[in-house]
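Per the UniProt record's numbering, the sequence shown starts with residue 1, numbered consecutively. All C-beta atoms in this analysis are idealised placements derived from N, C-alpha and C, irrespective of residue type, glycine included. Below is one structure, written out as structure tokens; comments come after it.
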Amino acid sequence: MTSKQILIKNGLVDAMEKLIHADVLIDDGKIAAIGHDLAASDDAKVIDANNMLVAPGLVDVHVHYREPGQTYKETIRTGSMAAAHGGFTTVGAMANVDPTPDTPAKMQAMIKRNADEGVIRIKQYSPVTVNRAGEKVVDFAAQKQAGAFAFSDDGSGIQTAGVMYRALQQAATTDSIVAAHVEDNSLTFGGVINAGKKADELGLPGKISASETSQLARDLILCQATGGHYHMCHVSTKESLELVRIAKEMGLNVTCEVAPHHLLLNDDEIVGCDSNYKMNPPLRHEDDRQALIGGLLDGTIDMIATDHAPHAAKEKPHDDLVYAANGITGSETCFNKLYTEFVKPGIFRLSQLLHWLTDAPADVFGINDAGRLMPGSPADVAIFDLQTPHVLTNDEYLSKGKNTPFTGDTVYGTTVMTMVGGQVVYQKEDRK
Numbered sequence: 001m002t003s004k005q006i007l008i009k010n011g012l013v014d015a016m017e018k019l020i021h022a023d024v025l026i027d028d029g030k031i032a033a034i035g036h037d038l039a040a041s042d043d044a045k046v047i048d049a050n051n052m053l054v055a056p057g058l059v060d061v062h063v064h065y066r067e068p069g070q071t072y073k074e075t076i077r078t079g080s081m082a083a084a085h086g087g088f089t090t091v092g093a094m095a096n097v098d099p100t101p102d103t104p105a106k107m108q109a110m111i112k113r114n115a116d117e118g119v120i121r122i123k124q125y126s127p128v129t130v131n132r133a134g135e136k137v138v139d140f141a142a143q144k145q146a147g148a149f150a151f152s153d154d155g156s157g158i159q160t161a162g163v164m165y166r167a168l169q170q171a172a173t174t175d176s177i178v179a180a181h182v183e184d185n186s187l188t189f190g191g192v193i194n195a196g197k198k199a200d201e202l203g204l205p206g207k208i209s210a211s212e213t214s215q216l217a218r219d220l221i222l223c224q225a226t227g228g229h230y231h232m233c234h235v236s237t238k239e240s241l242e243l244v245r246i247a248k249e250m251g252l253n254v255t256c257e258v259a260p261h262h263l264l265l266n267d268d269e270i271v272g273c274d275s276n277y278k279m280n281p282p283l284r285h286e287d288d289r290q291a292l293i294g295g296l297l298d299g300t301i302d303m304i305a306t307d308h309a310p311h312a313a314k315e316k317p318h319d320d321l322v323y324a325a326n327g328i329t330g331s332e333t334c335f336n337k338l339y340t341e342f343v344k345p346g347i348f349r350l351s352q353l354l355h356w357l358t359d360a361p362a363d364v365f366g367i368n369d370a371g372r373l374m375p376g377s378p379a380d381v382a383i384f385d386l387q388t389p390h391v392l393t394n395d396e397y398l399s400k401g402k403n404t405p406f407t408g409d410t411v412y413g414t415t416v417m418t419m420v421g422g423q424v425v426y427q428k429e430d431r432k
């Protein structure tokens, strides 16, 4: 029989949105106490977290787990293990699986599958439209009663204004969120990377930023007309950011997220035709990247979400940006890359980064049991080593997808341990 108590000692603890040096006592799967020189039972498991960060399990409201339908890319098990490896304990899984969970029966089956196969807490999106076809809006009330976490056709923009209007009407009456992939297909013109100097240099068709911004403008007008909660996925342009800022100033029910890769990279950094740099929306110009950083700092952007999108190697050939699938993995490189590139140089405070990855997404999406360490809360905990440099390698990734340009980078903030309800779901192996 194992002890019900775990004592994490000497860590830098993110507790109640303050960073303090303290111990954390876990008892029966919950946080029992946070303080100094805490006492535990004689048979308690003791973890020395000296020089380490003890944080609430991270929250990611945007992942793709591919099951059912494309398990050669990822499964619920491998995707959730990858999330745990990155310090995430709660995620929102998008509905672009086959079959898509567009009825209450399918939704309940999907939720059960997530619970059976996942090692972390997985919230399930419903599609906005039947089969994500962009035509008939699902029954929001029935889907929510069946357990839907929020609503999204992510992977596709909703092309018809009337469909988005009806969806936001239902969102308003059911207190639900429509999380929108914002893209007008008629303005993409076959683009594979951002339109501009780099696309011209590589001889590739470019995707103009107006393909995102024009649809966003439409959607914000519909949000104003309906009062529904509109959440913009992966904002990527300075123009989109300004529209969101104006909408918030007007009091619209609008939130948005930014993906780590849009904070970390611009299109000038695309190496040759390496498809690991291909995602949708694409990497934008440096002035867009700087605007996104500013949007986080001034509160226009509410949170960071990875858009973890694993693909098989054959779908991401090294030298083909035209035919390669869109997407980048993110669960296992999110915290360590952002900590290394933004916190260590002093651009973000550690407390800010944690806010955008914990209580901010939990609060916006109404996840009451995630995002904070406090007595009585579930013991969903991530422990990070902030001191030791680490080189990212393919063989450490637990996702089936290895499609990231960050492999080979040296990072700080490696995950040492992740717990869900006091149970260890990831533990770093000591490598000699």
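- For residue 223, the enclosing alpha helix (DSSP H) has its first and last residue at 210-226.
- With a 10 Å radius around the Cβ and a threshold of 16 neighbouring Cβ atoms, residue 72 comes out exposed.
- Contact annotation: residue 305 and residue 128 have beta-carbon atoms that are not nearer than 8 angstroms.
- When C-alpha distances from residue 365 are compared across 138, 429, 247, 232, the shortest belongs to 232.
- In the three-state reduction of the DSSP assignment, residue 347 falls in the coil class, being assigned neither a helical nor a strand state.
- By alpha-carbon distance to residue 308, the top candidate from 332, 320, 323 is 332.
- The DSSP assignment places complete alpha helix (DSSP H) segments of no fewer than 4 residues inside the stretch 242-285 at 260-264, in order along the chain.
- Taking a contact as a CB-CB distance under 8 angstroms, the pair residue 363 and residue 419 does not count as one, their CB atoms being some 22 angstroms apart.
- Straight across, the Cα-Cα distance linking residue 338 with residue 166 is about 37 angstroms.
- With contacts defined by Cβ atoms closer than 8 angstroms, residue 143 and residue 99 do not form a contacting pair.
- With a 10 Å radius around the Cβ and a threshold of 16 neighbouring Cβ atoms, residue 297 comes out exposed.
- With respect to the 8 angstroms criterion, residue 377 and residue 111 are not classified as neighbours on the basis of their beta carbons.
- The C-alpha of residue 264 lies about 18 angstroms from the C-alpha of residue 402.
- Listed in chain order, the non-local C-beta contacts of residue 406 below 7 angstroms within the same chain comprise 333, 337, 392, local neighbours out to five positions each way being set aside.
- Apart from sequence neighbours up to five positions away, the residues of its chain that approach residue 35 with a beta-carbon distance below 7 angstroms are 22, 23, ordered along the chain.
- When secondary structure is reduced to three states using DSSP, residue 80 falls in the helix class.
- Per DSSP, residue 185 lies in no alpha helix (DSSP H) and is assigned neither H nor E.
- Per the coordinates, the alpha-carbon of residue 154 lies some 7 angstroms from the alpha-carbon of residue 96.
- Between residue 292 and residue 235, the C-beta gap is smaller than 8 angstroms, which places the two residues in contact.
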